[in-house]
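The sequence shown finishes on residue 236 if you use this note's numbering, and the numbering steps up by one all the way, no holes. Where a beta carbon is used, it is the ideal one built from N, C-alpha and C, also for glycine. The structure appears below as structure tokens.
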Amino acid sequence: MSDFDSATLFSVKGLVAVITGGGTEALEKAASTAKHANIHPIRADVTSKSDLSAAVTHLEQKHGYINLLIANSGITGPLHTGLQKDGSLSHLQSTLYSLSSEGFAETFAINTSAVYFTVVAFLGLLGNGNEKGNVEQKSQVIAMMKQFATMLAPHGIRSNVIVPGVYPSQLTDNFFGNLKDYAKDFVPAQRVWTPSDMAGTVLFLTSKAGGYVNGNVLVTDGGRLSIIPSTY
């Protein structure tokens, strides 16, 4: 029964992980509070191939490999405001057409293209990690990561997707502020996330417990999708 010992089943001890996103300030704060001082922020623009290459070189020199890559960078993108519930078609058209095309391009560059190039940039280090002893824009990213699961399977590299629901963050603060609870018809769990909700999901996929999971999409949203069937 030793294989089912919870102390080792969910252990990620010794793994080298790369997490993109959050901004330098957030990463530096996380690093300063890390219990074992083992979080090291690296400043890089995920839309820049040269920055990604520099980050890879830095990690290659420092560790020589990585075991986990979480491509998490993202922005909200253009938002339309002022839509009227019973507005005319012309009002709907003018509101939607007023969105910035540059904003769409920037959002796609960060939320989709950058994910692709980030994954590709770190493939060599992920492969080295195996030798030592891995995990409209959203739908595109999901499809892309499933394709990576197929392409990388022969190389022993897993690719999974975590789909969070309404998680308060720098991206959602403007919408939800300090809201602590949700109505049941918005989120069936009737609460906001806790750090353990996301940490547990990541821990499952990256530890021995999730070692048999590949090409999967794991939704953690308090049941939000269950009340919006058309989004499945």
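- Selection G78, Q88, A213 and T205 evaluated against D225 yields T205 as nearest (Cα-Cα).
- Contact check between the region 109-124 and the region 70-84: three or more CB pairs, one atom from each, fall below 8 angstroms, which counts as touching.
- V170 is bridged by DSSP to nothing; it lacks a bridge partner.
- The shortest CA-to-CA distance from T28 to any of H62, D49 and K17 is the one to D49.
- Taking C-beta atoms as the reference points, P192 and G227 count as a pair closer than 8 angstroms.
- Contact fails between the region 144-160 and the region 86-97, because fewer than three Cβ pairs, one in each stretch, are under 8 angstroms apart.
- In terms of Cα proximity to G169, the closest of F208, I232 and A153 is I232.
- With 16 or more other Cβ atoms inside 10 Å of its own Cβ, F126 counts as buried.
- Given a length threshold of 3 residues, each whole run of the beta strand (DSSP E) inside the region 58-82 is given here in chain order: 72-74.
- Looking only at Q194, N164, F152 and S163, the smallest Cα-Cα distance to Y171 is reached by Q194.
- DSSP places V124 within a helical segment (H, G or I) once states are collapsed to three.
- Judged by DSSP secondary structure, T111 falls within the alpha helix (DSSP H) whose first and last residues are S105 to F112.
- Within the DSSP bridge table, the entry for A21 names L72 as partners.
- Taking the C-beta atoms as reference points, V165 is found nearer than 8 angstroms to M149.
- Annotation: E32 to V22 spans about 14 angstroms, alpha carbon to alpha carbon.
- In summary, L73 is buried, with 16 or more beta-carbon neighbours lying within 10 Å of its beta-carbon over all protein chains present.
- DSSP places V50 in no alpha helix (DSSP H); its state is neither H nor E.
- Sequence-distant partners of A35 (beyond 5 residues in either direction) whose C-beta falls short of 7 angstroms from its own C-beta, in its chain, are I43, H44 and P45.
- L129 is not a Cβ neighbour of V217, given a cutoff of 8 angstroms.
- At the C-beta level, A153 and S163 come within 8 angstroms of one another.
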